[in-house]
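Participant:
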Amino acid sequence: MKILLVEDNQILVDELKSFFEEQGYLVEVATSFNLASQKVAVYEYDVIILDLGLPDGNGLDLIPLVRKTSTETIILILTARDAVEDKVKGLESGADDYLTKPFHKAELNARVRSQLRRKKFAGKNELTFHEIRVDLQAAQVFVKGQPLNLTRKEYDLLIYFLYNPNRLLTKESIAEHLWGDHIDQADSFDFIYNHIKNLRKKIMAAGGKNYVKAMYGMGYKFSEESK
Amino acid sequence: MTTRRPVKLLNQTTAFYLIFTFLVFFVSAFILSKMANHYIDSYVQSRFSKYENRLKHHLQKDSTLSHLPRYLKVKKVSDLSILKTLPIIKDTLIYSDELDEYLMYRKRKAVIQQGTQYFTYVARVRVGDFYRLRDDFLASMFIVFGVLAFGMIVFNYFLSGYLFKPFNQILEVMRTYKVGQGAKVQKVYTVTEEFIKMQDLFHQMLEQIEKDYRNLKEYTEDMAHEMQTPIAIMRSKMESLMSDETLLQKHGPQIKTIYQQLNHLSRLGNTLNLLTRIENGEFQNKKTIRTKDIIEEHLKFIQELAELKHLQFVTDLSEDNVFTIDPYLFELILKNLLRNAIQHAPENSKIFIKTDENQLLISNAGAELDFPPEKLFKRFVKRKSNGETLGLGLALVKKICDLNNLQIDYQYQDGQHVFRVWKSS
Chain A
0 MKILLVEDNQ ILVDELKSFF EEQGYLVEVA TSFNLASQKV AVYEYDVIIL
50 DLGLPDGNGL DLIPLVRKTS TETIILILTA RDAVEDKVKG LESGADDYLT
100 KPFHKAELNA RVRSQLRRKK FAGKNELTFH EIRVDLQAAQ VFVKGQPLNL
150 TRKEYDLLIY FLYNPNRLLT KESIAEHLWG DHIDQADSFD FIYNHIKNLR
200 KKIMAAGGKN YVKAMYGMGY KFSEESK
Chain B
0 MTTRRPVKLL NQTTAFYLIF TFLVFFVSAF ILSKMANHYI DSYVQSRFSK
50 YENRLKHHLQ KDSTLSHLPR YLKVKKVSDL SILKTLPIIK DTLIYSDELD
100 EYLMYRKRKA VIQQGTQYFT YVARVRVGDF YRLRDDFLAS MFIVFGVLAF
150 GMIVFNYFLS GYLFKPFNQI LEVMRTYKVG QGAKVQKVYT VTEEFIKMQD
200 LFHQMLEQIE KDYRNLKEYT EDMAHEMQTP IAIMRSKMES LMSDETLLQK
250 HGPQIKTIYQ QLNHLSRLGN TLNLLTRIEN GEFQNKKTIR TKDIIEEHLK
300 FIQELAELKH LQFVTDLSED NVFTIDPYLF ELILKNLLRN AIQHAPENSK
350 IFIKTDENQL LISNAGAELD FPPEKLFKRF VKRKSNGETL GLGLALVKKI
400 CDLNNLQIDY QYQDGQHVFR VWKSS
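Listed below in structure tokens is the structure:
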């Protein structure tokens with residue numbers, strides 16, 4: 000999988016580069032509009048993560064260039080400008096998703112993976128983690144072949160975990176993923192615990208192991224080593 | 000201080016002018032009548048003197064009292080005591096055969112000495128016409144005053160529309176002006192010095208306000224915007240740190256605090272950004288929306304959040320509730336008011352959402368505010384017990400309402416916090 004990272008902030012670039020490389024992606028970087036348009040003209044990428052506010056141009060203008068040669072490439076807009084028009088324009092001109100800075104890396108990862116699933120594996124759209132199998136198309140979860148009856152939020156939560164295995168997902172990140180800004184930061188995120196508890200209970204009731212691990216009150220990790 | 004009913008400027012000037020004119024008329028009428036009387040008196044006096052002279056002249060030649068005009072009525076005086084009471088002058092009505100009417104005369108009964116003899120005589124002069132002339136003249140003055148006053152009031156009525164047209168236009172421009180819209184202010188044409196001064200001052204003030212506003216806005220915008228990338232980096236670095244379990248074990252609480260504060264900062268930036276963009280009028284996709292479906296949809300979405308606190312939504316939604324607003328902004332109003340309600344409602348309580356033709360009411364139970372309610376919609380005002388909240392949600396709602404012809408208020412009634420949104424008329 001090849002990712003092109005179009006972003007002018009060097010630190011963020013390094014951060015994201017190593018983040019995606021850790022997961023086995025091949026990451027290329029363009030720190031300006033010019034560089035990006037050159038790369039796009041020559042190579043084909045599976046994913047382009049695109050910052051709109053570039054020093055020498057608007058990232059939006061890159062989208063048509065990409066779309067000329069490839070409809071398969073996933074374009075994910077990343078911007079500090081949370082402007083509705085930008086969002087609409089971006090999606091209209093062919094971007095696949097939109098994420099506002101600052102974002103949680105886990106969220107970005109989940110978005111990239113879900114887009115990849117949608118576009119690249121249209122035929123066999125499944126996620127598996129040991130005995131857990133998720134049919135993404137039917138939104139159905141099986142543990143050891145036995146279907147689980149999950150609520151919408153529990154399902155979303157599980158997918159979020161499965162996209163980010165072995166990684167600490169903070170309560171904030173989970174809450175934001177599930178609820179957007181319907182919750183205030185003032186709310187204690189204890190309610191997430193309810194969802195986690197229910198999810199864990201349902202998986203274990205179907206004979207699965209307990210993969211969800213609480214991390215020092217910071218968040219949760221979906222990891223191999225079960226307790 | 001007692002407040003008095005406001006009076007239009009032109010009416011005030013007219014009133015003063017009328018009082019002044021009335022005084023002038025009154026004084027001149029007084030003077031004129033004095034002058035007229037004086038004239039009549041002197042005229043009559045000269046006639047009397049003439050009679051007297053003629054009589055004297057006549058008596059010198061002939062003391063028999065014959066061949067005298069009948070109206071002089073000369074008599075020889077036998078009782079001298081009568082002389083002390085003379086002369087008597089008085090006005091009287093005398094019947095005229097010729098004209099068949101009473102005529103006003105002035106009579107003078109006086110004494111005249113001829114040698115050792117005394118005669119009384121009565122002379123008379125017709126004065127009725129003079130009096131009539133004088134009275135007609137005075138009366139006509141008051142009629143003129145009446146016509147003038149009436150004319151001025153009518154004229155004033157029509158003139159105020161004409162003269163004050165530029166003034167009202169300037170007022171209208173001021174009233175409809177919105178700071179930060181960058182709209183060019185139209186100059187109202189007027190030759191009235193006061194209005195020109197006012198308009199110039201208004202334009203100067205606008206310029207200054209616009210400048211200040213731009214500066215402030217740019218500052219907020221830049222702050223909110225430029226913050227995001229560094230925060231994204233910090234958060235990402237923190238998340239990397241957090242994946243190190245030994246580190247978490249050792250420095251868990253510190254890392255947690257930094258991470259939480261970072262999130263706070265990030266939300267702050269986002270929300271301030273949103274506020275600025277709402278102020279900039281970026282959401283102009285105004286539509287007339289039926290709120291029932293939107294509210295129901297929204298409630299479905301947050302149902303679970305409410306259930307976590309065992310809260311129950313009680314709705315009474317009218318099909319006829321309609322607002323004209325960008326749907327995204329309406330969502331924001333709902334989202335913030337409901338989030339607020341969920342946050343502050345005690346567990347196992349109810350949240351009421353009610354709409355009728357004109358308004359939207361959202362209420363929840365809870366203890367009274369620990370700060371004055373009028374501060375509720377201000378930025379960064381929050382309960383003491385509510386440390387982590389942004390304190391921008393209600394300010395955001397208020398801002399949206401202000402910019403979309405909606406009113407919002409808050410009341411604490413019977414242990415319920417009630418928020419009401421309605422259309423301004």
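Residue numbers (numbering that gives the first Met the number 0), protein chains in the order written: chain A, 0 to 226; chain B, 0 to 424. Quick reminder that beta carbons are idealized off the backbone N, C-alpha and C, glycines included. Remember, predicted model here, so these are calculated numbers, not experimental data.
Would you kindly report the start and end of the unbroken alpha helix (DSSP H) that includes V126/B?
Facilitator: From DSSP, V126/B is part of no alpha helix (DSSP H); its letter is neither H nor E.
Participant: Rounded to the nearest angstrom, what separates E51/B and M151/B at their Cα positions?
Facilitator: Taking the straight line from one Cα to the other gives about 54 angstroms.
Participant: Give every residue of the same chain whose Cβ lies closer than 7 angstroms to the Cβ of Y120/B, excluding the five residues on either side of it in the sequence, and list them in chain order.
Facilitator: Once the five neighbours on either side are set aside, the close Cβ partners of Y120/B are L54, L71, K72, V73, A109, I111.
Participant: Rounded to the nearest angstrom, what separates I195/A and D7/A at their Cα positions?
Facilitator: Cα to Cα, I195/A sits roughly 38 angstroms from D7/A.
Participant: Enumerate in chain order the residues of its own chain whose CB-to-CB distance from R131/B is below 6 angstroms, with the five nearest sequence positions on each side excluded.
Facilitator: Answer for R131/B: no residue qualifies.
Participant: In angstroms, rounded to a whole number, what distance separates the CA positions of A204/A and L167/A?
Facilitator: Whole-angstrom Cα-Cα distance: 24 angstroms.
Participant: For F329/B, tell me which candidate among A305/B, L395/B, Q203/B, T275/B has the shortest Cα-Cα distance.
Facilitator: Looking at the Cα atoms, L395/B is the closest of the given residues.
Participant: Kindly list, in the order they appear in chain B, the residues whose Cβ is closer than 7 angstroms to that of A79/A.
Facilitator: Per Cβ cutoff of 7 angstroms: H224, Q227, T228.
Participant: Indicate the three-state DSSP secondary structure (helix, strand or coil) for T99/A in the structure shown.
Facilitator: Three-state result, T99/A: strand.
Participant: Helix, strand or coil for V110/B per DSSP?
Facilitator: Strand, per DSSP.
Participant: Restricting to Cα atoms, I'd like to know which of K208/A, L11/A, V5/A is closest to N33/A.
Facilitator: It is V5/A.
Participant: Quick check: is any heavy atom of the ligand ATP less than 8 angstroms from the C-beta of Q342/B?
Facilitator: The ligand ATP is not part of this structure, which contains no ligands at all.
Participant: Would you mind sorting T13/B into buried or exposed? The rule is 16 or more other CB atoms within 10 Å of its CB.
Facilitator: Counting Cβ neighbours within 10 Å, T13/B comes out buried, since at least 16 surround it.
Participant: Tell me the residue span of the alpha helix (DSSP H) that contains N33/A.
Facilitator: Counting along the chain, the alpha helix (DSSP H) containing N33/A begins and ends at 32-41.
Participant: How about R419/B and Q358/B: do their beta carbons lie closer than 9 angstroms?
Facilitator: Yes; because the gap between Cβ atoms is below 9 angstroms, this pair is in contact.
Participant: Span of the alpha helix (DSSP H) holding Q253/B?
Facilitator: That run of the alpha helix (DSSP H) goes 244-278.
Participant: Taking Cβ positions only, does A51/A come closer than 9 angstroms to chain B?
Facilitator: It is Leu, not Ala, that sits at residue 51/A in the sequence shown. No - not a single Cβ of chain B is within 9 angstroms of the one on L51/A.
Participant: Could you pull the start and end residues of the beta strand (DSSP E) that D408/B belongs to?
Facilitator: Run containing D408/B: 405-412, per the beta strand (DSSP E) assignment.
Participant: Between A344/B and chain A, is there a C-beta pair that is closer than 9 angstroms?
Facilitator: Not one chain A Cβ lies under 9 angstroms of A344/B.
Participant: Applying a beta-carbon distance threshold of less than 7 angstroms, which residues of chain A neighbour S242/B?
Facilitator: Going along chain A in sequence order, the residues near S242/B (Cβ under 7 angstroms) are R166, L167.
Participant: Enumerate in chain order the residues of its own chain whose CB-to-CB distance from A185/A is below 6 angstroms, with the five nearest sequence positions on each side excluded.
Facilitator: Because the pLDDT of A185/A is 49, which lies under 50, any placement of that residue in the model is unreliable, and the number read from its coordinates should be weighed accordingly. If we look at A185/A and ignore the five residues flanking it on each side, it has no Cβ neighbours.
Participant: Just to make sure I have the definition right: I need the residues of chain A whose C-beta is within less than 9 angstroms of the C-beta of Y218/B. Which are they?
Facilitator: The premise fails here: Y218/B is roughly 16 angstroms from chain A at the closest Cβ pair, so nothing lies under 9 angstroms.
Participant: Quickly, what does DSSP pair L53/A with across the bridge? List them, please.
Facilitator: DSSP output for L53/A lists G56/A as bridge partner(s).
Participant: As a quick exercise: from E303/B, V143/B, R133/B, pick the residue whose alpha carbon is nearest that of F24/B.
Facilitator: Ranking E303/B, V143/B, R133/B by Cα distance to F24/B puts V143/B first.
Participant: Classify M237/B as helix, strand or coil using the three-state DSSP reduction.
Facilitator: M237/B: helix per DSSP, three-state reduction.
Participant: If you run the structure through DSSP and keep just helix, strand and coil, what is M217/A?
Facilitator: M217/A: coil per DSSP, three-state reduction.
Participant: Considering just the uninterrupted stretch of the beta strand (DSSP E) at L359/B, what are its terminal residues?
Facilitator: Per DSSP, L359/B belongs to the beta strand (DSSP E) from 358-364.
Participant: Answer with buried or exposed for Y162/A, where buried requires no fewer than 16 other C-beta atoms within 10 angstroms of its C-beta.
Facilitator: By the neighbour-count rule (16 or more Cβ atoms within 10 Å), Y162/A is buried.
Participant: Is any beta-carbon of chain B found at less than 9 angstroms from that of A185/A?
Facilitator: Because A185/A carries a pLDDT of 49, less than 50, the predicted location of this residue cannot be relied on, and the following value inherits that uncertainty. With 9 angstroms as the cut-off, A185/A counts as an interface residue toward chain B.
Participant: At the level of alpha carbons, what is the spacing between H37/B and H56/B?
Facilitator: Roughly 28 angstroms separates the two Cα atoms.
Participant: Where does A29/A fall in DSSP's three states?
Facilitator: If DSSP states are grouped into helix, strand and coil, A29/A belongs with the strands.
Participant: How about L31/B and M140/B: are their beta carbons less than 9 angstroms apart?
Facilitator: It is a contact, given that the beta carbons lie within the stated cut-off.
Participant: Can you give the Cα-Cα distance for Y210/A and N197/A, rounded to whole angstroms?
Facilitator: When rounded, the distance between both Cα atoms is 13 angstroms.
Participant: Which two residues bound the contiguous beta strand (DSSP E) that contains F379/B?
Facilitator: Premise fails: F379/B is in no beta strand (DSSP E) and is neither H nor E.
Participant: Check the C-beta distance from I324/B over to K353/B and give it rounded, since I have them as a contact under 8 angstroms.
Facilitator: Actually they are not in contact, since the Cβ atoms of I324/B and K353/B sit about 19 angstroms apart, beyond 8 angstroms.
Participant: In chain A, which residues lie with their C-beta within 7 angstroms of the C-beta of A231/B?
Facilitator: The contacting residues are L11, K100, P101, F102.
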